Amino acid sequence: MDHTLYPDSLWNPGKSEIANSKMLLFIKYLNTELKLNLNTYKELHRWSIENSETFWDQLLNFLHIKLHKEYEHKTEKGNHIYDCDWFPEAELNYAEHCFRFAEDKTALISIKEDGAREYLTYSSLQTMVYQIAESFHQVGIKSGDTVAAIITNRVEAVAIFLACSAIGAIWAPCLPEYKDKSIINRLKQTEPKILITVDGYQSNGEKNDILAKVQSVQEQVKSIENTYVLPNISENPDLTQLENTFLFSMLYQAKPKTNLFTPKPFNHPLSILFSSGIDGEPKCIVHGAGGTLLQHLKEISLHNNISQEDIVLMMAKPGLVSWQWMVSILATGASLVLYDGDPNYPDLKRALHIIEEEKVTVFGALPQYFNNLEKHLYAPNDDKSIHDLSSLKLILSYGSELMHGNYEYIYEDFKKEIRVSSMLLCTDINSCFALGNPILPVHSGEIQCLPLGMDVAVYNEHGKPVINEKGELVCRNSFPGMPIYFWDDFDKTKYHQYYFNKYPDIWNQGDYVIITKHSGLKLFSHSKTVIPTKFGKIGSNEIVSCVQKLDDVFESVACGYKDGDVFEKIVLLITLKGSRELTEDVKAKINSYISISTSEHHKPWAIVAVDQLPKTFDGKIAEFAIKQAINGEEIEAIDLIANPESLEKLISIKLEK
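If you read the sequence shown in the working numbering, its first letter stands for residue 1470, the second for the next number, and so on.
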């Protein structure tokens, strides 16, 4: 695609869109309440950094966060920014906020891969939450206990999570696709008192029983007292090999009290999100209820303008940060569409059918989804008779980088009049380091803006802040969304080592990025996959964003090859479209395009065609595992790879120019 076809921006907000945005309403609110004179997002963002405590205090009020106990102090500061305790006297309940709006309105639309659908109102969902919460009480679950879950994206997952929050228990979910070892490594650390699990999951038309896996978890995670199985692939799962195991329906038998939303301290633990484990044992990152709620509503309401009128479909799974972010949308009164299964089954158009049938207004997916649509030459914008996407007004992208070609495909072939909100949504903070904005233009290849209240910056190799220059992503102030601690690391020794070891009192996310002239952000590589060549650091996406535009290439990944030198050589792995072959002509075309689009230094040392690229269970290309494989290193997180046979083939590759 030709960049010259596009003006400087791909989308601009109209006057009515700006006027009706929560972002503009917040600016007007601050101007009135504090007698300020803010006119632009840039001014608002700067003010929110320079007046951090006042900003978060005013945001609580603007978003109508219900506090059961007010606060005298906005913060209680320790020796480091990660010791800052936000709103220390305040009390609230996260789950209570998910039931603030019309009881009779549809809260959840659950769609399974086989086509089965279920519609649930807010009042019905609240009844489920109350029943489960009261049952938790009766089986001895107390505030601060961990409830583990191995579950798919269905109504019960939402209800269990909210029931945990209602009574102050801590939610610790895992994907059922994970191997035994991966689940055990995660749950063993968190000492769950009970386990709630499905009997299996359906993916790509196949049913996968996991009860043998559940048995292994029971044997290895000694803290589990009782297990509850939710039938998902069988009406009557065989539980005879499992100890102290009951059907999930038992948790519906308790008579709930009138109100089970127990007020808890603002920083009471809400959930545990697990890191990928690519650099050792997975970290158990504990997130607080108040910080999660405040961060999510800031991002959902202000930065994405999602409201009670919206119907939201996000391709997310319990255990991933995107899923927990999605559940917080209930606090706006919007309706959520839960899809349980492979989003590409029976074909890539499954999500588009759902958008049309349910009149979805907000659609969220990984960038690979749009890349796959483009490579299959699917252009609903050109043939509107195929799918009616007229209801759709916002696209959310998360999980990895939305690159130039993805943006161009969306605006040329998918839907012209739509805002694309790419989000740097991170497990570490259960929220975003960069995201969208309804009152700013969309520029190709860029995340629209830096978030309110967070002093995000880019540091070069000398530890100095830079603009329009590549470097490491950092955050220089405290914010409520920081994790409250790692599990079993209450003195925050590991916490400090992981995020604050390089720059004292500055959060180092480490991703290789650039803050652009538009004050947006481009992500070139995650911290573990930056390629240190003798010509300087190169981000894998600098190369991949070029290659993905070529007709011959279906998917690609660039990574560093260690050849006995302090520097690394660039290796480009590709899968080819259809029956095409990697000829010398194709290699020359790839090299020429990379050289013209970037520089001679970005040209790969070797180009290798493979049948498939290794991917994680949520569909992302497993870049770090690929780098370990081609370098002959131990692959630490192989149990998280959905297609491990692809890694075995990479290990055997003989790399040569």
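Note that beta-carbon positions come from the ideal geometry of N, C-alpha and C, so glycine has one too.
In this text, all values refer to a predicted model and were calculated from it rather than measured experimentally.
### Query
Where does LEU2135 sit, in a helix, a strand or coil, going by DSSP?
In the structure as shown, the chain starts at 1470 and stops at 2126, and residue 2135 therefore has no counterpart that could be examined.
### Task
Return the CA-CA distance between SER1478 and LEU1513, expressed in angstroms with no decimal places.
22 Å
#### Entry: LYS1986, buried or exposed, once every other Cβ within 10 Å from all chains shown has been counted against 16
exposed
### Query
Whole beta strand (DSSP E) runs in the stretch 1846-1913 with 3 or more residues, listed along the chain?
1863-1866, 1888-1891
### Query
DSSP on HIS1472, reduced to helix/strand/coil?
The pLDDT assigned to HIS1472 is 33, lower than 50, so where the model puts this residue is not dependable, and the model offers no usable value.
### Residue burial classification, GLU2092 (beta-carbon count within 10 angstroms, cutoff 16)
Burial call: buried.
### Message
Among the candidates GLY1757, ASP1526, TYR1876, whose CA atom is the shortest distance from the CA of TRP1640?
### Response
GLY1757
### Query
Is TYR1972 helix, strand or coil when you go by DSSP?
Collapsing the DSSP output to three states places TYR1972 in coil.
### Task
Quick one: measure Cβ to Cβ for TYR1867 and LEU1894, integer angstroms, because I've assumed they're closer than 8 Å.
At roughly 4 Å, the Cβ-Cβ gap stays under 8 Å, so TYR1867 and LEU1894 are in contact.
### Query
Near THR1801, which residues of its chain fall below 7 Å by C-beta distance, leaving aside the five closest residues on each side in sequence?
ILE1769, SER1770, ILE1775, SER1776, GLN1777
### Task
Consult DSSP for SER1672 and reduce its assignment to one of helix, strand or coil.
strand
### Message
GLU1522 and LYS1543 - do their beta-carbons sit closer together than 8 Å?
### Response
yes
### Task
Could you say which of SER1485, ASN1530, LYS1511 lies nearest to GLU1502 if we only look at CA atoms?
ASN1530
### Query
Do you know offhand how far SER1913's Cα is from LYS1862's?
18 Å
### Task
Would you mind reading off the limits of the alpha helix (DSSP H) that contains ILE2119?
A small fix is needed here, since residue 2119 is Leu in this sequence, not Ile. First-last of the alpha helix (DSSP H) with LEU2119: 2114-2120.
### For GLN1978, the three-state DSSP class (helix, strand or coil)
strand
### Task
Taking TYR1721 as the reference, give the member of GLY1613, GLN1607, MET1783 with the closest Cα.
GLN1607
### Message
Using only the alpha-carbon positions, how far apart do ALA2106 and ASP1857 sit?
### Response
41 Å
### Message
Along the chain, where does the beta strand (DSSP E) containing CYS1753 start, and where does it finish?
### Response
1753-1757
### Task
Provide the residue(s) that pair with SER1579 in DSSP beta bridges, ordered along the chain.
DSSP, once it has assigned bridges, lists GLU1587, LEU1807 as partnering SER1579.
### Message
Measuring straight from C-alpha to C-alpha, what distance separates LYS2018 and THR2067?
### Response
14 Å
### Query
Counting pairs of beta carbons, one from the stretch 1804-1820 and one from the stretch 1781-1790, are three or more of them closer than 8 Å?
yes
### Message
Taking the alpha carbon of VAL2079 as the reference point, which residue from SER2064, ASN1970, ARG2049 has its own alpha carbon closest?
### Response
ARG2049
### Where GLN1837 falls, given that 16 or more other Cβ within 10 Å makes a residue buried
buried
### Task
Look at the alpha carbon of ALA2057 and the alpha carbon of CYS1918, and state the distance between them as a whole number of angstroms.
37 Å
### Query
To the nearest angstrom, how far is it from the Cα of SER1891 to the Cα of ILE2039?
Their backbone Cα atoms lie some 27 Å apart in a straight line.
### Message
Starting from PRO1836, trace the alpha helix (DSSP H) in both directions and tell me its first and last residue.
### Response
1836-1844
### Message
Cutting at 7 Å between CB atoms, please list the residues of its own chain near LYS2072, excluding the five before and the five after it.
### Response
ASN2060, ILE2063, SER2064
### Task
Could you check if ASN1713 is buried or exposed, using at least 16 other CB atoms within 10 Å of its CB as the buried criterion?
If you draw a 10 Å sphere on the C-beta of ASN1713, you find fewer than 16 other C-beta atoms in it, and that means exposed.
#### Entry: Secondary structure, beta strand (DSSP E): runs of 3+ residues fully inside the stretch 2001-2031
2005-2007, 2022-2031
### Task
Pull up the distance between the alpha-carbon of PRO1907 and that of PRO1920, whole angstroms please.
13 Å
### Message
Measuring straight from C-alpha to C-alpha, what distance separates ILE2143 and LYS1546?
### Response
The displayed coordinates of the chain run from 1470 to 2126. Any statement about residue 2143 would go beyond what the structure contains.
### Query
Helix, strand or coil: which one does DSSP assign to GLU1704?
If DSSP states are grouped into helix, strand and coil, GLU1704 belongs with coil.
### Message
Would you say the beta carbon of ALA1564 is closer than 7 Å to some non-hydrogen atom of the ligand MG?
### Response
With respect to the ligand MG, the structure shown offers nothing to examine, as it has no ligands at all.
### Query
What residues in its chain sit with their C-beta under 7 Å from that of ASP1554, if we drop five residues either side in the sequence?
THR1544, GLU1545, ASN1736
### Message
For a test of the three-state rule: what should DSSP assign to LYS1682, helix, strand or coil?
### Response
helix
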